[in-house]
Amino acid sequence: MDFQFTDDQRLWNETVHRFMDREVGREYTREHDQSREFPEGAYRKIAKQGWLGLLVPERYGGVDADPVMYAIFCEAIAKFSLDFAACVMTSMFTATNISSSGTDEQREQYLPGFLAGERKFSIAISEPGAGSDAAGVSTRARLDSDTDEWVLDGNKVFCSGAHLPGATIAVLARTGDERHRGLSLILVPNDTPGVDVRKMNTIVRRSLGTTEIFFSDVRVPRTNIIGEPGQGWQIAGQHLEYERLSLAASYVGNARTALDDTIEYTKGRTQFGRPLSSFQVLKHRMAENECHVEAARLLVYNAATKMARGERAMKEVSMAKVFAADTAFQTSFNGMQALGGYAQLPEYDMERYFREAKHAMVGGGANEIQRSIIAKEMGL
Ligand SMILES: Cc1cc2nc3c(=O)[nH]c(=O)nc-3n(C[C@H](O)[C@H](O)[C@H](O)COP(=O)(O)OP(=O)(O)OC[C@H]3O[C@@H](n4cnc5c(N)ncnc54)[C@H](O)[C@@H]3O)c2cc1C
């Protein structure tokens with residue numbers, strides 16, 4: 410058993426961190442959180458590096474990275490902001506659905522533009538009545554055989570990035586009555602007539618942007634379905650391990666920064682003639698957070714290594730996700746306390762880490778759902 414990165418992995422880790430420090434930076438992510446604008450400039454730079462293709466096979470123009478390399482990437486791009494990482498990661502999953510389950514025509518239509526940074530995707534699963542119970546979606550898609558089109562009606566919520574210019578929404582819609590096998594994944598460009606996308610005023614994902622979508626008699630060609638009718642649940646679930654792994658890795662990356670910022674601040678701030686970092690209560694909190702951040706990282710790379718061996722890692726990925734989410738929250742929560750009143754100011758970044766870490770406990774499958782998955786895998 411070796412807990413160290415290989416030379417290639419270490420080099421990759423340094424490369425992405427250096428890129429984030431030089432080409433993105435914490436001020437940039439803070440400004441975009443404040444302005445609620447998509448970080449288009451940095452996104453294009455990432456596209457230029459070829460990194461949007463990490464999960465796309467080489468034959469379709471991607472890099473075909475393994476799960477460990479992908480986790481390293483996600484940990485590093487989240488160092489200043491989970492929101493920024495989500496801006497990059499969200500489109501990558503739908504691109505994976507298209508590369509693995511789409512037709513050659515769909516790959517030709519969507520992948521080159523995505524890899525160039527010009528075309529983005531949003532995934533629309535959640536609905537007012539279907540959150541954790543994602544298979545309970547009621548948005549309907551019926552086939553109009555006269556026009557050979559899918560006709561969609563319904564309402565989605567919390568769909569990140571669906572409003573972005575040129576975004577295509579992968580909509581999980583009901584095409585049959587069976588709970589899981591009655592669901593299909595259909596590509597809907599956001600400028601299709603009948604699509605009404607409204608931004609939601611969330612306290613997180615401010616630069617990516619999260620939306621509510623209303624579909625009213627929306628028509629798209631029959632060929633816009635990914636895979637066959639009834640395969641939507643299976644296809645959307647194909648990347649679930651990757652998605653949760655990437656989220657867990659990003660939580661670790663951001664928790665590390667929250668802790669480093671706390672250490673730096675408490676060393677520099679003097680009260681009662683001593684640096685805050687010399688008070689035992691603060692030292693112990695930071696020491697405990699250090700244990701948790703390191704443990705979360707080991708859970709992430711344990712899950713990634715198992716996936717890279719081609720083994721099923723459902724339990725390990727959920728363990729990494731729930732532990733890393735709690736760690737990011739606890740670390741930024743302690744950071745908020747350690748920075749005192751200054752934690753309330755955006756320029757200290759801690760309030761942003763704190764907000765985003767709270768969302769980590771819900772997004773991508775809430776903590777309770779992750780614990781249920783772990784329990785099920787334990788035979789409970
Ligand atoms: C900023 C943001 C961005 C998002 N982006 C997207 C996106 O891009 N696409 C998308 O489709 N969705 C997205 N979501 C939706 C997200 O996936 C859901 O919020 C999440 O799945 C939880 O669903 P819910 O909010 O309806 O909560 P609910 O399902 O109503 O859950 C509320 C609480 O009850 C608990 N609970 C529910 N069921 C159980 C159970 N069986 N056992 C124990 N506890 C349970 C939950 O864990 C949670 O604590 C986003 C959400 C937010 C806030």
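First residue of the sequence shown? That's 410 in my numbering, and the numbers climb one at a time after it. Using N, Cα and C, we set each Cβ at its ideal position, and we do this for glycine too.
Tell me, to the nearest whole angstrom, how far the beta carbon of residue 520 is from that of residue 469; I am working on the premise that it is less than 8 Å.
-> Here residue 520 refers to the residue found at position 111 when the sequence shown is read from its first residue. Here residue 469 refers to the residue found at position 60 when the sequence shown is read from its first residue. Indeed they touch by this definition, with Cβ atoms about 5 Å apart.
Say yes only if the C-beta of residue 771 is nearer than 7 Å to one or more non-hydrogen atoms of ligand 2, and no if none qualify.
-> The ligand content of the structure shown is limited to ligand 1, which means ligand 2 is not among them.
Report buried or exposed for residue 690, applying the criterion of at least 16 other Cβ atoms within 10 angstroms of its Cβ.
-> Against the sequence shown, residue 690 aligns to sequence position 281. With fewer than 16 other Cβ atoms from the protein chains shown falling within 10 Å of its own Cβ, residue 690 counts as exposed.
Residue 560 bridges to which residues according to DSSP?
-> Sequence index remark: in the sequence shown, residue 560 carries index 151 (1-based). Answer is 551, 628, bridged to residue 560.
Per-residue burial, residue 493 [other beta carbons within 10 Å of its own, 16 or more giving buried] | Walking along the sequence shown from the start, residue 493 turns up at place 84. Per the 10 Å Cβ criterion, buried.
Other residues of its chain near residue 488: CB distance less than 6 Å, five sequence neighbours each side excluded | Against the sequence shown, residue 488 aligns to sequence position 79. Correct list, in chain order: 429, 662, 666.
So, do the region 524–544 and the region 446–456 have three or more beta carbon pairs nearer to each other than 8 Å?
-> At 8 Å Cβ cutoff, the stretches touch.
Through-space distance from residue 458 to residue 524, alpha-carbon basis | Taking the first residue of the sequence shown as 1, we reach residue 524 at position 115. Taking the first residue of the sequence shown as 1, we reach residue 458 at position 49. Taking the Cα positions, residue 524 is about 10 Å away from residue 458.
Quick one: is residue 693 buried, meaning 16 or more other Cβ sit within 10 Å of its Cβ, or exposed?
-> Reading the sequence shown from its first residue, position 284 is the one you call residue 693. The residue is exposed, with fewer than 16 neighbouring Cβ atoms inside 10 Å.
Residue 706 by DSSP, collapsed to three states: which one?
-> In the sequence shown, residue 706 corresponds to position 297, counting from 1. In the structure shown, residue 706 sits in a helix (DSSP, three-state: H, G or I).
Just the C-alpha distance for residue 508 and residue 533, rounded to the nearest angstrom, thanks.
-> Numbered from its first residue, the sequence shown carries residue 508 at position 99. Numbered from its first residue, the sequence shown carries residue 533 at position 124. So the two alpha carbons sit approximately 18 Å from each other.
Which residues DSSP lists as bridging residue 623, in chain order = Taking the first residue of the sequence shown as position 1, residue 623 is located at position 214. Checking the DSSP bridge columns, you'll see residue 623 partnered with 564, 605.
Does the Cβ of residue 540 lie closer than 7 Å to at least one heavy atom of ligand 1?
-> As a first step, residue 540 must be located in the sequence shown, where it is residue number 131. Yes, the beta carbon of residue 540 sits closer than 7 Å to at least one heavy atom of ligand 1.
Where do the ends of the beta strand (DSSP E) carrying residue 530 lie?
-> For this step, residue 530 is matched to residue 121 along the sequence shown. 530–533 is the extent of the beta strand (DSSP E) around residue 530.
Mind listing, in chain order, the continuous alpha helix (DSSP H) runs of no fewer than 4 residues lying wholly within the region 434–518?
-> Runs of the alpha helix (DSSP H) inside the region 434–518: 435–444, 449–457, 476–486, 491–510.
Assuming residue 581 contacts residue 633 under a Cβ cut-off of 8 Å, what Cβ separation, rounded to an integer in Å, is found between them?
-> Taking the sequence shown and counting its residues from 1, one reaches residue 581 at position 172. Taking the sequence shown and counting its residues from 1, one reaches residue 633 at position 224. The pair is not a contact, with the Cβ atoms about 13 Å apart (cut-off 8 Å).
Under a three-way DSSP split, which group does residue 574 fall into?
-> Stepping through the sequence shown from its first residue, residue 574 is reached at position 165. In the three-state scheme derived from DSSP, where H, G and I count as helix and E and B as strand, residue 574 is classed as coil.
With respect to 7 Å, is the separation between the Cβ of residue 768 and the closest non-hydrogen atom of ligand 1 below this value?
-> Taking the first residue of the sequence shown as position 1, residue 768 is located at position 359. Yes, the Cβ of residue 768 comes within 7 Å of a heavy atom of ligand 1.
Would you call the region 736–748 and the region 665–684 touching, i.e. three or more CB-CB distances under 8 Å?
-> At 8 Å Cβ cutoff, the stretches touch.
Range covered by the alpha helix (DSSP H) that runs through residue 612 | Position 203 of the sequence shown holds residue 612. The continuous stretches of alpha helix (DSSP H) do not include residue 612, and DSSP gives it neither H nor E.
Please determine, among 506, 477, 442, the residue with the shortest C-alpha to C-alpha distance to residue 415.
-> Position 6 of the sequence shown, counted from the start, is the residue given in the question as residue 415. The residue with the shortest Cα to Cα distance from residue 415 is 477.
Terminal residues of the alpha helix (DSSP H) in which residue 685 lies = The residue labelled residue 685 in the question sits at position 276 within the sequence shown. Neither: residue 685 is in no alpha helix (DSSP H) and is coded neither H nor E.
Roughly how far, in whole angstroms, is the beta-carbon of residue 652 from the beta-carbon of residue 502, given that I think they are within contact range, below 8 Å?
-> In the sequence shown, counting from the first residue as 1, residue 652 sits at position 243. In the sequence shown, counting from the first residue as 1, residue 502 sits at position 93. Going by Cβ atoms, the distance from residue 652 to residue 502 rounds to 6 Å, so yes, they are a contact pair.
Is residue 729 closer than 8 Å to residue 776 when the C-beta atoms are compared?
-> Within the sequence shown, the letter at position 367 stands for residue 776. Within the sequence shown, the letter at position 320 stands for residue 729. No, they are not a contact pair.
For residue 615, is the classification buried or exposed, using 16 other Cβ atoms within 10 angstroms of its Cβ as the cut-off for buried?
-> Residue 615 sits at position 206 when you count from the first residue of the sequence shown. That one is buried.
Cβ of residue 585 within 8 Å of Cβ of residue 624?
-> Working through the sequence shown from its first residue, we reach residue 585 at position 176. Working through the sequence shown from its first residue, we reach residue 624 at position 215. No.
Expressed to the nearest angstrom, what Euclidean distance is found between the alpha-carbon atoms of residue 556 and residue 760?
-> In the sequence shown, residue 556 corresponds to position 147, counting from 1. In the sequence shown, residue 760 corresponds to position 351, counting from 1. Taking the CA atoms as reference points, residue 556 sits about 52 Å from residue 760.
Please state whether DSSP places residue 583 in a helix, a strand or coil.
-> In the sequence shown, counting from the first residue as 1, residue 583 sits at position 174. Strand at residue 583.
CB-CB under 8 Å to residue 717, same chain, minus the five flanking residues each way: which ones, in chain order?
-> One-based indexing of the sequence shown puts residue 717 at position 308. The residues are 475, 476, 477.
Alpha carbon to alpha carbon, what distance is there between residue 754 and residue 688?
-> Working through the sequence shown from its first residue, we reach residue 688 at position 279. Working through the sequence shown from its first residue, we reach residue 754 at position 345. When only Cα atoms are considered, residue 688 and residue 754 end up about 23 Å apart.
Give the range of the alpha helix (DSSP H) segment to which residue 754 is assigned.
-> Here residue 754 refers to the residue found at position 345 when the sequence shown is read from its first residue. Unbroken run through residue 754: none, as it is neither H nor E.
Is it the case that the Cβ atoms of residue 438 and residue 617 are separated by a distance below 8 Å?
-> Numbered from its first residue, the sequence shown carries residue 438 at position 29. Numbered from its first residue, the sequence shown carries residue 617 at position 208. No, the pair does not count as a contact, with Cβ atoms beyond the cut-off.
Distance, Cα to Cα, residue 787 vs residue 781?
-> What you label residue 787 is simply residue 378 of the sequence shown in a count that begins at 1. What you label residue 781 is simply residue 372 of the sequence shown in a count that begins at 1. Answer to the nearest angstrom: the Cα atoms are 10 Å apart.
Would you identify the three-state DSSP class for residue 521, choosing helix, strand or coil?
-> Here residue 521 is taken as the residue at index 112 of the sequence shown, counted from 1. Three-state DSSP puts residue 521 in a helix.
Looking at residue 548 and ligand 1, is the gap between the Cβ and the nearest heavy atom below 7 Å?
-> As a first step, residue 548 must be located in the sequence shown, where it is residue number 139. Not so, every heavy atom of ligand 1 lies at least 7 Å from the Cβ.
Does DSSP put residue 593 in a helix, in a strand, or in coil?
-> Taking the sequence shown and counting its residues from 1, one reaches residue 593 at position 184. In this structure, residue 593 counts as strand in the three-state DSSP scheme.
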